[in-house]
Amino acid sequence: MMRRFIIGCLIMGMALFSFGCGNAPVQQVSSPTPLNKDMILATTTSTQDSGLLDTLLPVFEKKTGYKVKTIAVGTGQALAMGEKGEADVLLVHAPDAEKKVLSSGAVINRILVMHNDFVIVGPASDAAQIKGKTTLEAMAAIEKKGAVFVSRGDDSGTHKMEKSLWKLASIKPVSPWYQESGAGMGQTLKIADEKQGYTITDRATYLAQEKNLSLQILVEGDAKLLNIYHVMAVNPEKFSKVNQEGAKAFSDFLLSAEGQALIAAYGKDKFGQSLFFADGGKTEKEFGF
Amino acid sequence: MEMIIQGMIQAFQLLISGDGEISQVAMLTLAVSGTATAISVVFGIPLGLWLALQEFRGKQACSSLVNFGMGLPPVVVGLVVSLFLWRYGPLGDLGLMYTPVAMIIAQAIIAVPIVAGLSFAAILSINPKLRWQLISLGATTWQASWLLIREARLGLMAAVIAGFGRVTSEVGASMMVGGNIKGQTRVLTTATVMEVGKGNYDMALAISFILLIASFSIVVLLTYLQHGGKRGR
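The structure is reproduced here in structure tokens:
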């Protein structure tokens with residue numbers, strides 16, 4: 009009995025396993041097959057949670073035959089994966105941290121892909137009266153009032169941006185009004201919502217989550233709140249195992265007319281507005297950096 | 006409350022419509038956790054048997070270690086397995102990171118101590134004189150062990166069920182070594198976490214129900230085997 013069961017278990021496991029694995033390649037029948045098909049894309053949660061990657065990647069995979077392994081983590085972790093050669097291509101949004109990694113030689117070919125913006129959201133009651141203020145005024149008002157502010161606290165691009173804003177406002181945020189969630193953007197918005205607190209978010213994730221939230225956009229449109237995404241390849245000269253052709257194909261695709269059109273159109277049907285603005289060919293200087 | 010009912014309805018709809026993506030995710034979940042459980046049976050039951058039957062120095066320490074392993078935190082396992090499987094880790098050349106195989110390895114590591122620890126307890130709970138009796142009646146060591154396994158099968162199946170339950174419900178290690186990659190390493194637990202991140206609570210609930218249904222059916226099957234064997238005697 010036992011032996012039959014164990015053998016049955018093994019066979020079932022194997023059968024299920026081969027079935028499960030067998031599914032994926034079927035979709036790519038007519039695609040060209042590159043030498044090294046697997047490619048690791050380390051990116052931020054916002055590109056996944058907003059749904060953008062679900063639109064871009066199937067088109068890319070079909071066109072080129074690459075199989076993208078998307079690891080959606082905070083920008084800090086994505087950059088760290090690049091620095092260790094554990095990813096092939098990065099799509100991230102923390103320009104200052106990116107430049108450090110670039111100058112260390114771990115990544116090459118850093119190119120601007122798209123932007124959207126950050127917004128400060130909070131409860132409709134707006135205890136700290138920040139609505140319509142500039143970013144720095146708003147942050148000072150939150151501190152003065154001691155209103156709850158939920159920070160990502162996970163070294164993501166959004167967290168890095170938030171920290172730089174507190175620094176610009178010369179405020180050292182402290183507990184108890186300043187709380188760190190240590191979670192992704194979606195989760196953090198929900199926490200802020202439950203606590204009726206303020207937080208800073210990228211517009212794309214906010215719009216994607218809006219239906220679950222009572223939080224409202226209170227501060228927007230400030231030049232300081234620009235959120236810029238760059239694509240970059242991990243340096244194959246430093247890490248021999250990197251799939252450099254795959255990285256190049258991905259970054260070429262993002263900047264191609266087709267990739268840029270997909271980015272620009274994404275979200276229009278669902279949210280009535282684009283979640284990202286395609287910026288192929290632009291440089292940071294045009295955004296005042 | 007309304008949300009929970011909505012989630013159940015949506016889960017039902019997903020199952021009925023045979024949604025390709027979700028069924029692929031569900032199949033992968035069963036395949037990964039089923040294989041990991043099978044591996045844990047292959048290693049765990051003999052280990053439990055050995056611990057229960059052999060007398061040796063440091064047996065107490067060994068048993069404590071296995072019992073400690075039953076509570077091994079999945080995220081710690083995930084982290085250590087990733088360190089080994091990274092491209093530039095000791096086993097990097099195998100190219101296993103972010104594949105179902107990596108998830109099976111991590112889950113098997115989580116399940117082996119559970120299966121071993123509970124088998125150990127199951128064998129111990131049999132009257133120790135039975136083994137001596139079998140051997141004195143002329144059974145070889147192997148035959149005696151096999152008969153003991155049969156005698157302890159209720160407890161051993163409980164060990165297998167516990168191991169399976171642990172790995173299907175685990176999310177930390179699968180997320181870390183699998184990466185929740187669509188169509189490749191996305192399983193029901195990591196998909197639930199991702200849908201929550203996206204704010205799709207209804208979808209997350211629907212996936213949770215599918216996970217419950219899937220693991221319930223497997224456990225029913227195992228329980229049936231557990232008791233079916235008994236009735237046959």
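From first to last, the protein sequence lines stand for chains A and B. Here the first sequence is numbered in this note's numbering, starting from 9 and rising by one per residue. Here the second sequence is numbered in this note's numbering, starting from 6 and rising by one per residue. Glycine is no exception: its CB is placed at the ideal position from the N, C-alpha and C atoms. As the structure is a computational prediction, the values presented were derived from the model and not from experiment.
1) Alpha carbon to alpha carbon, how far is Val-85/B from Ala-178/B? Give it in angstroms, no decimals.
2) With 16 other CB atoms within 10 Å as the buried threshold, where does Val-121/A fall?
3) Taking Cβ to Cβ, would you say Val-81/A is nearer than 9 Å to Ile-48/A?
4) Alpha carbon to alpha carbon, what distance is there between Ala-16/B and Gly-143/B?
5) Ala-129/A: buried (16+ other C-beta within 10 angstroms of its C-beta) or exposed?
6) Taking only three categories from DSSP, how would you classify Ser-189/A?
7) Looking at chain A, which residues of the region 195–206 of chain B have a Cβ within less than 8 Å of any of its Cβ atoms?
8) Could you check what DSSP says for Arg-62/B in three-state terms: helix, strand or coil?
9) Any residues in the region 81–99 of chain A with a beta carbon nearer than 7 Å to a beta carbon of chain B? Which ones, in chain order?
10) Three or more beta-carbon pairs under 8 Å between the region 205–225 of chain B and the region 49–61 of chain B, yes or no?
11) Given a cut-off of 9 Å on the beta-carbon distance, is the pair Ala-127/B and Leu-152/B in contact?
12) Identify each residue in the region 248–267 of chain A for which the Cβ-Cβ distance to at least one residue of chain B is less than 9 Å, and report them in chain order.
13) What residues in its chain sit with their C-beta under 8 Å from that of Leu-33/B, if we drop five residues either side in the sequence?
14) Report the neighbours of Gln-281/A on chain B: residues whose CB is nearer than 9 Å to its CB, in chain order.
15) When DSSP builds the beta bridges, which residues end up paired with Ser-159/A?
16) Can you tell which of Val-82/B, Thr-173/B, Leu-77/B has its C-alpha closest to the C-alpha of Ala-31/B?
17) For a minimum of 4 consecutive residues, which ranges assigned as the alpha helix (DSSP H) are wholly contained in the region 45–119 of chain A?
18) Would you mind stating whether Gly-194/A and Gln-217/A have Cβ atoms separated by less than 9 Å?
19) If you reduce the DSSP assignment to three classes, tell me which class Thr-209/A lands in.
20) Could you check what DSSP says for Tyr-237/A in three-state terms: helix, strand or coil?
21) Using DSSP with H/G/I as helix, E/B as strand and the rest coil, what is Ala-231/A?
22) Closer than 7 Å by beta-carbon distance: list the chain B residues that pair up with Asn-220/A, in chain order.
23) Decide if Val-37/A is buried, meaning its Cβ has at least 16 other Cβ atoms within 10 Å, or exposed.
24) If we count the other Cβ atoms within 10 Å of its Cβ and call it buried at 16 or more, is Glu-106/A buried or exposed?
25) Does Gly-74/B have its Cβ less than 9 Å from a Cβ in chain A?
26) Have a look at the DSSP bridge pairing and note the partners of Asp-125/A.
27) Among the residues of its own chain, which have a CB less than 7 Å from the CB of Glu-26/B, if the five just before and after it don't count?
28) Where does Ile-154/B fall in DSSP's three states?
29) If you follow the alpha helix (DSSP H) that Thr-143/A is part of, which residue opens it and which one closes it?
30) State the DSSP-derived secondary structure class of Gln-224/A, mapped to helix, strand or coil.
Taking the coordinates as given:
1) Their backbone Cα atoms lie some 9 Å apart in a straight line.
2) Counting Cβ neighbours within 10 Å, Val-121/A comes out buried, since at least 16 surround it.
3) No, they are not a contact pair.
4) Near 57 Å, if we compare the C-alpha coordinates of Ala-16/B and Gly-143/B.
5) The sequence shown places Val at residue 129/A, rather than the Ala named in the question. Looking at its Cβ environment, which holds 16 or more other Cβ atoms inside 10 Å, Val-129/A is buried.
6) Three-state result, Ser-189/A: coil.
7) Listed in chain order, the positions of the region 195–206 of chain B with a beta carbon within less than 8 Å of a beta carbon of chain A are Met-199, Val-201, Gly-202, Lys-203, Gly-204, Tyr-206.
8) Arg-62/B sits in coil when the DSSP states are folded into three classes, being neither helix nor strand.
9) Against chain B - using a Cβ distance shorter than 7 Å - the residues of the region 81–99 of chain A are Lys-92, Gly-93, Glu-94.
10) Too few Cβ pairs lie closer than 8 Å, so no.
11) Cβ atoms of Ala-127/B and Leu-152/B: not closer than 9 Å.
12) Under the 9 Å Cβ criterion, the region 248–267 of chain A contributes Lys-249, Val-250.
13) Only Pro-105, Thr-190, Arg-191, Val-192 meet the Cβ criterion.
14) In chain order: nothing, as chain B lies at least about 17 Å away.
15) Beta-bridge pairing links Ser-159/A to Glu-188/A.
16) Considering only Val-82/B, Thr-173/B, Leu-77/B, the residue with the shortest C-alpha distance to Ala-31/B is Thr-173/B.
17) Listed in chain order, they are 53–57, 60–72, 83–91, 103–111.
18) Yes, Cβ-Cβ distance for Gly-194/A and Gln-217/A is below 9 Å.
19) DSSP, reduced to helix, strand and coil, places Thr-209/A within a strand of the structure shown.
20) DSSP places Tyr-237/A in strand when its eight states are reduced to three.
21) In this structure, Ala-231/A counts as helix in the three-state DSSP scheme.
22) Near Asn-220/A (Cβ distances below 7 Å), the residues of chain B are Gly-204, Tyr-206.
23) With a pLDDT of 45 at Val-37/A, under the threshold of 50, the modelled position of this residue cannot be trusted, and the question is left open.
24) With 16 or more Cβ atoms within 10 Å of its Cβ, Glu-106/A is classed as buried.
25) False, the Cβ-Cβ gap to chain A never drops below 9 Å.
26) Leu-234/A, per the DSSP bridge assignment.
27) Within the same chain, Glu-26/B has no close Cβ partners at all.
28) Three-state DSSP puts Ile-154/B in a helix.
29) Where Thr-143/A is concerned, the enclosing alpha helix (DSSP H) stretches over 143–153.
30) For Gln-224/A, the secondary structure class from DSSP, reduced to helix, strand or coil, is strand.
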